[in-house]
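One structure is given here, and the rest of the page talks about it.
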Amino acid sequence: MDMSTKWMKLGTQFLAVVMMCSVIVACGEGTKSSNSSTNASVEVTASGGNATPAPAPEVKEPVSVKTTYYPFIGGFNIYALKDKEYDLANGVNLQIDAMGAASPLMGLMTRDTDVAFMTLQSYMVSIGTLIEEGTDINSLPKIVYLHNGSTGGDGIVTDSENETVADLKGKTIGASFGEVTHYMLAKALETEGMTIDDIKMVDMGPSKAGSAFVAGSIDAAVTFEPYLSEGVKSRNGKIIIDTTTLTNTILDVVVVRADTAAEKPEWVTGVLKSIEDATQFISTDLESAAELAADDLQVSKEEVIEMYPTFYLYTHEDNKVGMGENGWIFETMKDVLDFYLEIGTLSTTYDYSLLITDEFLW
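When the letters of the sequence shown are read in order and numbered with mature numbering (1 follows the signal peptide of the UniProt record, and there is no 0), they come out as residues -26 to -1, 1 to 336.
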């Protein structure tokens, strides 16, 4: 081999080594750049070997959220979401305690609970009372979701001789003054152009009214199941009107404190998404859902399935329509407020639109 050929061969080998080193350096620089942009702790070995795996991302602990609930079919999805752990999947741990003596709204304001489920009527009369005592409406708890509405679970049971609501004129009817049964009675009479003045209302709660009707002490009762069915069986009675006709008359809403609504923590949407997940589960697999929630509701699986049609669980889409601009909830709130002003429970009107926020919907 002559010298020129030898040097040419060595030059070629040297060039190959240089090119190889350039590739290694370039790969190292690319990896370093990639690591800088992703903050991943990856090291490249001198020989371009395997990288050290990045640490696993930090897992957030579910946020504990306190609420209270009284077991009844309207809370079907509340118990189902716990049984299916939809709350944990949405970043919250919903802790459900039995409802105590304090009202759900008071529990919120004393910070004993974080989220409350209550009837619209109870919410609005409590808010109105606080406003009349001098509380700024902007500091009061806000409605963030429509939870459930009665669709046959509440009604008026009476003797079979009464064919229509108009036949109740002059009759004694049991209903609780200022409560949802009083409001429902007023709405029922309104369908026939009548008012409370056209009947004789006896002030009693729905369970007592149901029992009084069965005992023959009153002519009709505004009550709920199972008292409606018991009245039909025991006195050959009939349900003259119920919430299948009086839609959106009796409903429960989800409420949080004003500071919670203002700060907009993620856990609120987490709770609402958990409710929606459970609602969809119930609608697609009622049998399994009923079996899961029966113990929580303190009834049998068969009873859960039987009672399920008497309450409607509002979906996320229902909420976007009902709580959005010109949503039906505003007209219902106006009607409820007018009712309390008319019967004298409240003396001052207020801007109920300030009590609704749809900012937690998605």
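By construction, the Cβ of each residue, glycine as well, lies at the ideal position given by its N, Cα and C atoms. A quick note: this is a predicted structure, and the numbers were derived from the prediction, not measured.
- Query: How big is the Cα-Cα spacing for glutamate 237 and serine 203?
  - Reply: Whole-angstrom Cα-Cα distance: 46 Å.
- phenylalanine 255: first and last residue of the uninterrupted alpha helix (DSSP H) it sits in: First-last of the alpha helix (DSSP H) with phenylalanine 255: 240 to 258.
- List the endpoints of the continuous alpha helix (DSSP H) containing lysine 294. Taken as a continuous stretch (DSSP letters only), the alpha helix (DSSP H) holding lysine 294 covers 290 to 297.
- Item | The beta strand (DSSP E) enclosing asparagine 67, as first and last residue numbers | That run of the beta strand (DSSP E) goes 66 to 72.
- Task: Since I believe isoleucine 130 is in contact with isoleucine 214 (beta carbons under 8 Å), could you give me their beta-carbon distance rounded to a whole number of angstroms?
- Result: Isoleucine 214 to isoleucine 130, Cβ: 5 Å. Contact.
- Message: Per the DSSP calculation, asparagine 122 is bridged to which residue(s)?
- Response: Answer is Asp226 and Leu287, bridged to asparagine 122.
- Message: Suppose contacts are defined by Cβ-Cβ distances below 7 Å. Is valine 245 in contact with valine 99 by that definition?
- Response: No, the Cβ-Cβ distance between valine 245 and valine 99 is not below 7 Å.
- Item | Which listed residue (Asn112, Val295 and Phe198) has its alpha carbon closest to that of proline 180 | For the residues Asn112, Val295 and Phe198, the minimum Cα distance to proline 180 belongs to Phe198.
- Length-filtered (3 minimum) beta strand (DSSP E) runs lying within the segment 160 to 188: Contiguous beta strand (DSSP E) elements confined to the segment 160 to 188 occur at 174 to 177, taking only those with 3 or more residues.
- Query: Between the Cα of tyrosine 43 and the Cα atoms of Glu59, Leu79 and Val37, which residue gives the shortest distance?
  - Reply: Of Glu59, Leu79 and Val37, the smallest CA-CA separation from tyrosine 43 is found for Leu79.
- Between lysine 161 and threonine 223, is the Cβ-Cβ spacing less than 7 Å? Yes, these two residues count as a Cβ contact at 7 Å.
- Under a three-way DSSP split, which group does serine 203 fall into? DSSP places serine 203 in helix when its eight states are reduced to three.
- Query: For lysine 34, which option in Pro45, Asp57 and Ala63 has the closest C-alpha, if you only look at C-alpha atoms?
  - Reply: The alpha carbon of lysine 34 has as its nearest neighbour, out of Pro45, Asp57 and Ala63, the alpha carbon of Ala63.
- How many angstroms separate the CA atom of leucine 94 from the CA atom of tyrosine 288? Looking at the backbone, the Cα of leucine 94 and that of tyrosine 288 are separated by about 14 Å.
- Between the Cα of methionine 175 and those of Ala149, His121 and Val154, spot the shortest distance and give me the residue it belongs to. Comparing Cα positions, the closest option is Ala149.
- Using the Cα positions of glycine 65 and tryptophan 336, report the straight-line distance between them to the nearest angstrom. Looking at the backbone, the Cα of glycine 65 and that of tryptophan 336 are separated by about 16 Å.
- Message: So for serine 150, helix, strand or coil by DSSP?
- Response: Coil.
- Item | aspartate 128 to tyrosine 157 span [Cα, whole Å] | Across the structure, aspartate 128 and tyrosine 157 are spaced so that their CA atoms are roughly 12 Å apart.
- Task: Could you check what DSSP says for phenylalanine 313 in three-state terms: helix, strand or coil?
- Result: Phenylalanine 313: helix per DSSP, three-state reduction.
- Looking at the structure shown, is isoleucine 192 part of a helix, part of a strand, or coil, going by DSSP? Of the three classes helix, strand and coil, the one that applies to isoleucine 192 here is coil, per DSSP.
- Message: Need the endpoints of the alpha helix (DSSP H) that valine 46 sits in, please.
- Response: The amino acid occupying residue 46 in the given sequence is phenylalanine; valine does not appear at that position. Unbroken run through phenylalanine 46: none, as it is neither H nor E.
- Message: Quick check on the DSSP output: the beta strand (DSSP E) that includes lysine 212 runs from which residue to which?
- Response: Here the beta strand (DSSP E) through lysine 212 covers 211 to 216.
- Query: In the DSSP assignment, what residue or residues form a beta bridge with histidine 129?
  - Reply: The question names histidine, but residue 129 in the sequence shown is glycine. Answer by DSSP bridge pairing, in chain order: Thr197 and Asp216.
- Determine the DSSP secondary structure at alanine 76, reduced to helix, strand or coil. Under the three-state reduction of DSSP output, alanine 76 falls in the coil class, being neither helix nor strand.
- Chain-order list of residues whose beta-carbon lies under 7 Å from that of threonine 331 (same chain, five-residue window excluded): These residues qualify, in order along the chain: Lys116, Val118 and Ala235.
- Task: Return the first residue and the last residue of the beta strand (DSSP E) that threonine 319 is part of.
- Result: That residue, threonine 319, is in no beta strand (DSSP E); it is neither H nor E in DSSP.
- Bridge partner(s) assigned by DSSP for phenylalanine 91: Answer is Val228.
- Query: So, helix, strand or coil for serine 100, using DSSP?
  - Reply: Note: serine 100 maps to helix in three-state DSSP.
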